[in-house]
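Protein chains in written order, with this note's numbering: chain A, 104 to 492; chain B, 104 to 492; chain C, 14 to 140; chain D, 14 to 140.
Glycine included, every Cβ here is placed at the ideal spot set by N, Cα and C.
What follows is a short report on a single structure.
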Amino acid sequence: MKRIYLDHAATTAVDREVVQTMIPYFAETFGNASSLHSFGRDAMHALGAARQTVADALGAETGEIFFTSGGTESDNLALKGVETGHIITSLIEHPAILNTCRYLENHGCDVTYLPVDSGGLVDPGNIESAIRNDTKIISIMHANNEIGTIQPIAEIGTIARDNGVLFHTDAVQSFGKTETDLQKMNIDMLSLSSHKIYGPKGVGALYVRDGTEIEPLMHGGGHESGLRSGTENVAGIVGFAKAASLAIERFESDTRHLTNLREMLINGVMDTIDDVHLNGHPTKRLPNNVNLRFDFVEGEAMLLHLDLRGIAVSTGSACSSASKDPSHVLLAIGLAPENIHGSIRFTLGRENTSEDIEYVLGVLPEIVGKLRAISPLVSKGSSRGSSSG
Amino acid sequence: MKRIYLDHAATTAVDREVVQTMIPYFAETFGNASSLHSFGRDAMHALGAARQTVADALGAETGEIFFTSGGTESDNLALKGVETGHIITSLIEHPAILNTCRYLENHGCDVTYLPVDSGGLVDPGNIESAIRNDTKIISIMHANNEIGTIQPIAEIGTIARDNGVLFHTDAVQSFGKTETDLQKMNIDMLSLSSHKIYGPKGVGALYVRDGTEIEPLMHGGGHESGLRSGTENVAGIVGFAKAASLAIERFESDTRHLTNLREMLINGVMDTIDDVHLNGHPTKRLPNNVNLRFDFVEGEAMLLHLDLRGIAVSTGSACSSASKDPSHVLLAIGLAPENIHGSIRFTLGRENTSEDIEYVLGVLPEIVGKLRAISPLVSKGSSRGSSSG
Amino acid sequence: MIGIAIEYTEKVMDHFMNPRNVGEIPDADGAGTVGNQVCGDVTNVYIKVTDGRISDVKFKTFGCGAAIATASMTTELALGKTLQEGLAITRDAVADALDGLPESKLHCSNLAADALHAAIKEYMAKN
Amino acid sequence: MIGIAIEYTEKVMDHFMNPRNVGEIPDADGAGTVGNQVCGDVTNVYIKVTDGRISDVKFKTFGCGAAIATASMTTELALGKTLQEGLAITRDAVADALDGLPESKLHCSNLAADALHAAIKEYMAKN
Ligand SMILES: Cc1ncc(COP(=O)(O)O)c(C=O)c1O
Ligand SMILES: Cc1ncc(COP(=O)(O)O)c(C=O)c1O
């Protein structure tokens, strides 16, 4: 069966080139980067080169890049590493930020969770007014993982800078898909995750602007300039760096390709199926994100039908696995729970083709029609029971 | 040039079989284990099988195994996850424990650092007397990374259990090299690291006995039953599990092989070079650890000479990279700093052969002789200036 | 809207893909609705009763795969049964008939049996 | 006893592997000892002075690769120099002559130049 992966916000397949780059670091150049001998020096060089690559990809200095075990650790480190005080964030952050904030609320911090508008945008004016004397950090994600909304990061960064408050952004979903300029955007800290950009899982980075003081989350041998102890995952870091450089290299072509497929999918669905709505912002949106709400049907049943046709999608953020509550993001943009249940997220990737989208557009109307036919929510005699496609 | 790696306590080369096992999980079975679709389910199965393998290797239940980013994170999680109170540990723990304890001392905990004897052994009697009403946890490493001393873990576990105190042990160096019995040893928590057992770097586990309450270090999507958020590093975990099962499978032959090589190296050095002393315990010692003190010469100079001959050793724990102070472990066993500077750690591995040891024994006397010849510490006219070999 | 990765038995998948007895019975002798849209699961069950037996049964479900499959299986189990037998169809019986449901989905199996019981009770109250 | 992974220049490695002017001068005109065993670095420098010039120089070092190489290079730089020129051999001059030393090892380059200066000063004090 044809298998079409449309869940790139959950994770991506490691690029073949990245895998090839990593392999020598398992059994050959396997040294501990802290060791003095040649095995160690080879590992140290690989680590240094990878750090340079990631720094270059961000326009940062090598001393500002700290490797972590992933986006979650980067987010935790950024927030927990800052002195206790007031934190400003949004209601649509990833659980790695939100649950860290909940934890910090129990440990002496005060958190303001800002609302978003129906497109998922934070109002920079709200940030400005939320700033207090004891505000230590503003953490607003660059792009949302569920609906793909891109925030006005540059404006927020300027407000933070003008008020002498640190600015952290979770760029796990945005890196490689929309431009990031650490200087113009006045970003002090930025989280990255390798497995969202065709790199291996279990690796990430936190950019920390030179001069920013933060405390480690993990204590030990003093690796990563003391900010993150633990023997460096050389193979993983080398793979991550390769993935980051490919992301920069392919940025133009990737975004063009993804935007084309995105528009093809959105328009195709809208043309063939009634009572469908696009969740999130119509334009300030990641090039690979399509989040659609199908009235009268339940998302997981749709997901299962699509899966049976080889199509992998998500009904929300796969990262928040344990919960079955309606998506906090879709609630925050003002959807009622009964409308949220029929939402499906398609996130496109580099390897997807227009044939993939055609295939999806081919099977979707039938699936929606089938589920609507057994749905008690479709009013009797309504033409809506079946798709028009 | 022949290259002989004798620094297996720092890290190990990933076993070729382990690499082969991991590869499909990068670009093929790459799904996010939390995703509902078939890509996700395949990843979830791989994760479940790996958890079963690691649980079996330890004689634990799958629900007691929590995957982490390595030994450092496991150690941090074990100690920081426990309610604030009194902690008992030893002076020779790995920095992942010691620096976590220092951190906790600044955050409401009180820590007792127990001394060790000249062989590096903790006296269980000292543990018993250190226990207070508010003692929450005892953390004593199973085997030391620098001198290889194996602690009386079963006795310590019994004392902990009898006193209603949690018992954590750092088994990063001991796993696969000396027997671990969670039940007989009354272990409540145990740290493992993949890259010390021929698995990939950046992966580890914390065993947490069912019913033990600990708090997460990283907050987010609620992975690992909520104890460790962050998208699971499926390839790394699969590799770690394979390495753990190989460690169990090869336990008998590995330990026999390593013990033979260890004795060959110790005896060979003692026979050919004067003024050499074995650091650590003569018998309660990891089968792969040889830590030798060469009078009148400085360790790093020896390391460099050995490196030039293709032999990789360590002058201490490579993990504690930033520090240049004399090893805290060698200080704790009662050595004066001036004696510590001439210590070299050889840690043997599965792939080493008796030819490797012969080669080392062949070059070592010359190196020591050369350095002693230029050492001002060798008294004039002393026969000690040159090796006898 | 997020669930942990789930796996269904072949029977569940069969009933999910080919649900039996889908529809409404406009002149039903009894009807029951359980669940609500806000929670993401609604199941309606309609019955016709002839000579004290369930002579026809239909359902409609808004819900996940497990909800659809259990509703379908429930109607299959109910068809031809006496009212007492119908009332004796438990959630567990439905789950068993499907060769089991994932732990996280056991609550879904509640809906259909409950809706069936409600339909039977409505009929009994009227007659 | 632990150091961050280090890399030496070819010149450092050459002087480390083949140290020049190793030894003691029993009837030295001046001798200097710098460092101590506790810190892990000791360097002794011995000089003979003829016509105001350093006509012979020898060293012994207990220390790391950088300490040995800098001591060797220092003696090479010192040989044949006037006492004033000898005193003008700075730590930086030694490091430069070795094409540089790793940041973490700059302190080691202190030892040899200091020991040389001490030897010269001892000679000057006596004469
Ligand atoms: C926006 C965002 N932040 C953080 C994370 C966490 O990253 P990781 O899975 O690498 O821990 C994710 C994805 O899981 C994400 O989408
Ligand atoms: C005894 C011990 N504990 C903990 C660690 C830390 O493990 P990791 O390098 O996986 O963070 C090490 C080695 O570095 C070790 O030897």
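Looking at chain C, is there any beta carbon in it that lies within less than 8 Å of the beta carbon of A/L381?
As a first step, residue 381 of chain A is located in the first sequence; it is residue number 278 there, counting from the start. No, because no Cβ of chain C sits closer than 8 Å to the Cβ of A/L381.
Residues within the region 112-128 of chain B neighbouring chain A, beta-carbon criterion of under 9 Å
Going along the region 112-128 of chain B in chain order, one finds A113, T114, T115, A116, V117, D118, R119, V121, V122, M125, I126, Y128 with a Cβ nearer than 9 Å to chain A.
Output the residue ranges of the beta strand (DSSP E) runs that lie fully inside the region 35-115 of chain D and measure 3 residues or longer, sorted by chain position.
Entirely contained in the region 35-115 of chain D, the beta strand (DSSP E) runs reaching 3 residues are, in chain order, 43-49, 54-63, 66-75.
Less than 8 Å separating the beta-carbons of B/I443 and B/S457?
By one-based count along the second sequence, residue 443 of chain B stands at place 340. By one-based count along the second sequence, residue 457 of chain B stands at place 354. No, Cβ-Cβ distance for B/I443 and B/S457 is not below 8 Å.
Contact with chain A by C/T22, beta-carbon distance below 8 Å:
Within the third sequence, residue 22 of chain C is the residue found at index 9, counting from 1. No, its Cβ sits nowhere closer than 8 Å to a Cβ of chain A.
Proximal residues of chain D, C-beta to C-beta of B/H298 below 8 Å
Within the second sequence, numbered from 1, the residue matching residue 298 of chain B stands at position 195. Correct list: empty, because the minimum Cβ distance to chain D is about 17 Å.
Shortest alpha-carbon distance to B/I262 belongs to which of B/D291, B/L389, B/F354?
Translated into positions along the second sequence, residue 262 of chain B becomes position 159. The candidate whose alpha carbon is nearest that of B/I262 is B/D291.
Rounded C-alpha distance that separates D/T103 from D/T88:
Against the fourth sequence, residue 103 of chain D aligns to sequence position 90. Against the fourth sequence, residue 88 of chain D aligns to sequence position 75. Those two C-alpha atoms are separated by around 12 Å.
State buried or exposed for C/K73, treating a residue as buried only when at least 16 other CB atoms are found within 10 Å of its CB.
Within the third sequence, residue 73 of chain C is the residue found at index 60, counting from 1. By the beta-carbon neighbour count (other beta carbons within 10 angstroms, threshold 16), C/K73 is buried.
For B/M494, which residues does DSSP report across the bridge?
Coverage of chain B is limited to positions 104 through 492, which leaves residue 494 of chain B absent and any answer about it impossible.
Does the beta-carbon of B/G333, which I'm using as the reference point, lie nearer than 7 Å to any heavy atom of ligand 1?
Walking along the second sequence from the start, residue 333 of chain B turns up at place 230. For ligand 1, at least one heavy atom lies less than 7 Å from the Cβ of B/G333.
Cross-chain neighbours of B/P319 in chain D, by beta carbon under 7 Å:
In the second sequence, the residue the question calls residue 319 of chain B occupies position 216. Result: empty, since nearest Cβ-Cβ is about 31 Å, beyond 7 Å.
Using a threshold of 7 Å, is the CB atom of A/G307 nearer than that to any non-hydrogen atom of ligand 1?
Mapped onto the first sequence, residue 307 of chain A falls at position 204. Correct: A/G307 has its Cβ closer than 7 Å to ligand 1.
Would C/D42 be called buried (16 or more neighbouring beta carbons within 10 Å of its own) or exposed?
The residue given as residue 42 of chain C occupies position 29 in the third sequence. Under this definition C/D42 is a buried residue.
What residues from the region 398-409 of chain A come within 8 Å of chain B, judged by C-beta to C-beta, listed N to C?
E403, L406, L407, L409
Please work out which residues of its chain come closer than 7 Å, Cβ to Cβ, to B/N391, disregarding the five sequence neighbours upstream and downstream, and give them in chain order.
Here the question's residue 391 of chain B lines up with position 288 in the second sequence. If we look at B/N391 and ignore the five residues flanking it on each side, its Cβ neighbours are H111, K280, L361, R365, T450, L451, G452.
Can you tell me the Cα-Cα spacing of D/M30 and B/H408, whole angstroms?
The residue you call residue 30 of chain D lines up with position 17 of the fourth sequence. The residue you call residue 408 of chain B lines up with position 305 of the second sequence. Between D/M30 and B/H408, the C-alpha separation is close to 8 Å.
Of the choices B/T171, B/E327, B/G339, B/H245, whose alpha-carbon is the least far from that of B/Q276?
The residue labelled residue 276 of chain B in the question sits at position 173 within the second sequence. Per the Cα distances, B/H245.
Relative to the C-alpha of A/M373, which candidate in A/E327, A/G465, A/K287, A/A338 has its C-alpha closest?
Here residue 373 of chain A is taken as the residue at index 270 of the first sequence, counted from 1. Measuring from the Cα of A/M373, the nearest candidate turns out to be A/G465.
Give the DSSP-derived three-state secondary structure of A/A425 in the structure shown.
The residue labelled residue 425 of chain A in the question sits at position 322 within the first sequence. In this predicted model, A/A425 has a pLDDT of only 36, less than 50, meaning its place in the structure is not dependable; the value taken from the coordinates is given anyway. Residue state, collapsed to three classes: coil.
Quick one: what's got a C-beta closer than 7 Å to B/E231's C-beta in the same chain, skipping five residues either side?
Mapped onto the second sequence, residue 231 of chain B falls at position 128. By the criterion of a C-beta distance shorter than 7 Å, B/E231 is surrounded in its chain by I262, once the five residues flanking it on both sides are discounted.
Distance cut-off 7 Å: B/T175 Cβ against heavy atoms of ligand 2
Translated into the one-based positions of the second sequence, residue 175 of chain B becomes position 72. For ligand 2, at least one heavy atom lies less than 7 Å from the Cβ of B/T175.
Using C-beta distances below 8 Å, list every residue in its chain close to A/S348, excluding the 5 sequence neighbours before and after it, in chain order.
For the purposes of this step, residue 348 of chain A is taken as the residue at position 245 of the first sequence. For A/S348, where only same-chain residues beyond five positions count, the Cβ hits under 8 Å are T156, D159, A160.
State the Cα-Cα distance for the pair B/E454 and B/D378, rounded to the nearest angstrom.
Mapped onto the second sequence, residue 454 of chain B falls at position 351. Mapped onto the second sequence, residue 378 of chain B falls at position 275. Between B/E454 and B/D378, the C-alpha separation is close to 30 Å.
Best match in B/G437, B/G383, B/A233 for proximity to B/H189 [C-alpha to C-alpha]:
As a first step, residue 189 of chain B must be located in the second sequence, where it is residue number 86. Per the Cα distances, B/A233.
Are the CB atoms of B/G324 and B/G173 nearer to each other than 8 Å?
Indexing the second sequence from 1 puts residue 324 of chain B at position 221. Indexing the second sequence from 1 puts residue 173 of chain B at position 70. For B/G324 and B/G173, no; Cβs fall outside 8 Å.
Classify A/Y128: buried if its beta carbon has 16 or more other beta carbons within 10 angstroms, exposed otherwise.
To locate residue 128 of chain A, count along the first sequence from 1; it is residue 25. By the neighbour-count rule (16 or more Cβ atoms within 10 Å), A/Y128 is buried.
Counting only beta-carbon atoms, is A/L83 nearer than 8 Å to chain C?
Since the displayed chain A opens at 104 and closes at 492, residue 83 of chain A lies outside it and no answer follows.
Using only alpha-carbon positions, find the residue among C/E23, C/N34, C/K24, C/T22 that is nearest to A/S494.
Given a span of 104 to 492 for chain A in the structure shown, any question on residue 494 of chain A remains unanswerable.
List the residues of chain A that C/K73 touches, going by C-beta distances under 8 Å, in chain order.
Here residue 73 of chain C is taken as the residue at index 60 of the third sequence, counted from 1. Ordered by position in chain A, the residues that pass the 8 Å Cβ test against C/K73 are I477, S478, P479.
Would you call the region 253-267 of chain B in contact with the region 295-310 of chain B, where contact means no fewer than 3 C-beta pairs closer than 8 Å?
no
Along the region 176-199 of chain B, what residues have a CB closer than 7 Å to any CB found in chain D?
none
Do you know offhand how far B/F270's Cα is from C/P115's?
Residue 270 of chain B sits at position 167 when you count from the first residue of the second sequence. Residue 115 of chain C sits at position 102 when you count from the first residue of the third sequence. B/F270 and C/P115 have their C-alpha atoms spaced approximately 35 Å apart.
Any beta carbon from chain G within less than 8 Å of A/E441's own beta carbon?
The structure shown contains no chain G; the protein chains it does contain are A, B, C and D.
Could you check if A/D273 is buried or exposed, using at least 16 other CB atoms within 10 Å of its CB as the buried criterion?
Residue numbering aside, residue 273 of chain A sits at position 170 when the first sequence is read from its first letter. Buried, by the Cβ-count rule.
So with CB distances below 9 Å, who are the chain A contacts of C/L45?
For the purposes of this step, residue 45 of chain C is taken as residue 32 along the third sequence, with counting starting at 1. One detail in the question is off: residue 45 of chain C reads as Gly in this sequence, not Leu. Here the premise fails: no neighbours, minimum Cβ distance about 11 Å.
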